[in-house]
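Q: Sharing a structure with you now.
Residue numbers (the numbering used here), protein chains in the order written: chain A, 12 to 327; chain B, 788 to 843.
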């Protein structure tokens, strides 16, 4: 994974020098371990700040919305699918983009690492292939990467970028035999009362900071429905019903668009698994419309088209 | 929409969708009666209802 850092820097330098792009969007090392931050470079001499490891879980597509210049961007599987979604939704044009594809092997869940070291302060993390070493003031531990993947990466079946101008490594083998919707099926099997309990507990910690919305590349409305006050669609307090309404509607706005990149869960300060909402919609889209978001530029998303044989059973 | 609402715990039968033309009076009556019957059978909703804020 680390080997990509140099390649990204070289590519970015070349693109900027040749003036193929005006800016290059990638990741930079965060100020604390495990927290890589989005980084936009426009000066070819400053590409050495670009970085890549297994903590690049934020979605860079957020920074493409409505740009008018030419941009180079780093894209792994899910990011590339969001780029496709952005192009389909007319948020950016394909010819403005130079996509640097990165075959991805999954991102590490920083919360799982923190739990594994019993919330002690981590000063440094080094990755060597399939393992990584976590160092703190008075401890040093080695973990297997495989066991610490973000929950969305563990069940990911689109690790390779679907769209790119240049690929920085060999395509990786896609995972087979994973069942991505196991947790959704578990909830589906519950009776309404149990479901109510499940979701009430799930969102009970939510502080309505909207980090999940801000990190999501799909949420680019000029004014979000939760911020509007005339009319005020939903209450702004942390009342459980308002909070559920927020999560419910946020998820619904992502129907047929979500690529399960996991940025929402990654940024949540309270560690809420709000992918429980979006995953259900992904599953429905898959089952009812055979649709997975962001795989092709040639097809309109399901909520955008009408077909006479569309799923109709809910209308009497 | 119905799928997700039911997924988060709204009882099946509380939410109905129908397409009725202004010329389909009998269909309207039928649907209204079915909806009323099914919702009555479920009883009053207790979930997804905003209560007045409790002021200390």
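For each residue, glycine too, the CB sits at the ideal point set by N, CA and C. No experiment lies behind these values; they were computed from the predicted model shown.
1) Compare the C-beta of residue 835 (chain B) with all C-beta atoms of chain A and state if any pair is closer than 9 Å.
2) Within a Cβ cutoff of 6 Å, which residues of the same chain sit near residue 133 (chain A), ignoring the five residues on either side of it in sequence?
3) Output the residue ranges of the alpha helix (DSSP H) runs that lie fully inside the segment 229-267 of chain A and measure 4 residues or longer, sorted by chain position.
4) What are the boundary residues of the beta strand (DSSP E) that includes residue 39 (chain A)?
5) By the 10 Å Cβ neighbour count, where 16 or more other Cβ atoms means buried, how is residue 124 (chain A) classified, buried or exposed?
6) Which residues does DSSP list as the beta-bridge partners of residue 146 (chain A)?
7) Below 7 Å on C-beta distance, what does residue 320 (chain A) contact in chain B?
8) In angstroms with no decimal places, state the Cα-to-Cα distance between residue 360 (chain A) and residue 98 (chain A).
9) Helix, strand or coil for residue 15 (chain A), going by three-state DSSP, please let me know.
10) Please confirm whether residue 27 (chain A) and residue 54 (chain A) have their CB atoms less than 9 Å apart.
11) So residue 273 (chain A) packs on residue 96 (chain A), CB below 8 Å; how close in whole Å?
12) Any idea if residue 317 (chain A) is buried or exposed, counting beta-carbon neighbours within 10 angstroms, 16 or more meaning buried?
13) Excluding sequence positions up to five away, which residues of its chain have a Cβ less than 6 Å from the Cβ of residue 175 (chain A)?
14) In chain B, which residues lie with their C-beta within 9 Å of the C-beta of residue 300 (chain A)?
15) Decide if residue 20 (chain A) is buried, meaning its Cβ has at least 16 other Cβ atoms within 10 Å, or exposed.
16) Might you give, ordered along the chain, the residues of its own chain that have their beta carbon closer than 7 Å to the beta carbon of residue 255 (chain A), omitting 5 neighbours on each side?
17) Along the beta strand (DSSP E) that carries residue 86 (chain A), what are the first and last residues, could you check?
18) Should residue 282 (chain A) and residue 212 (chain A) be called a contact, given that it needs their Cβ atoms to be closer than 9 Å?
19) Can you find at least 3 beta carbon pairs, one from the segment 161-171 of chain A and one from the segment 181-193 of chain A, that sit closer than 8 Å?
20) Mind checking who residue 177 (chain A) pairs with in its DSSP beta bridge?
21) Going by beta carbon distance, what residues of the same chain come within less than 8 Å of residue 226 (chain A), once the five residues before and after it are set aside?
22) Would you kindly work out how many angstroms separate the C-alpha atoms of residue 82 (chain A) and residue 291 (chain A), rounded to a whole number?
23) When the Cα atoms are used, what is the spatial distance from residue 294 (chain A) to residue 59 (chain A)?
24) Check whether the Cβ of residue 813 (chain B) lies closer than 9 Å to any Cβ atom in chain A.
25) What does DSSP give as the partner residues of residue 329 (chain A) in its beta bridges?
A: On the basis of the coordinates in this document:
1) yes
2) 44, 145, 147
3) 251-264
4) 34-39
5) buried
6) A:135, A:151
7) Ordered by position in chain B, no residue passes the 7 Å Cβ test against residue 320 (chain A), which lies about 16 Å from the chain.
8) Not covered by the structure: residue 360 (chain A). The range shown for chain A is 12 to 327.
9) helix
10) yes
11) Residue 273 (chain A) to residue 96 (chain A), Cβ: 15 Å. No contact.
12) exposed
13) 110, 112
14) Residues of chain B passing the Cβ test: none, with the nearest at roughly 12 Å.
15) buried
16) 210, 214
17) 82-86
18) no
19) yes
20) A:111
21) 69, 70, 73, 274, 275, 277, 278
22) 33 Å
23) 41 Å
24) no
25) The structure shown has nothing for residue 329 (chain A), since chain A only spans 12 to 327.
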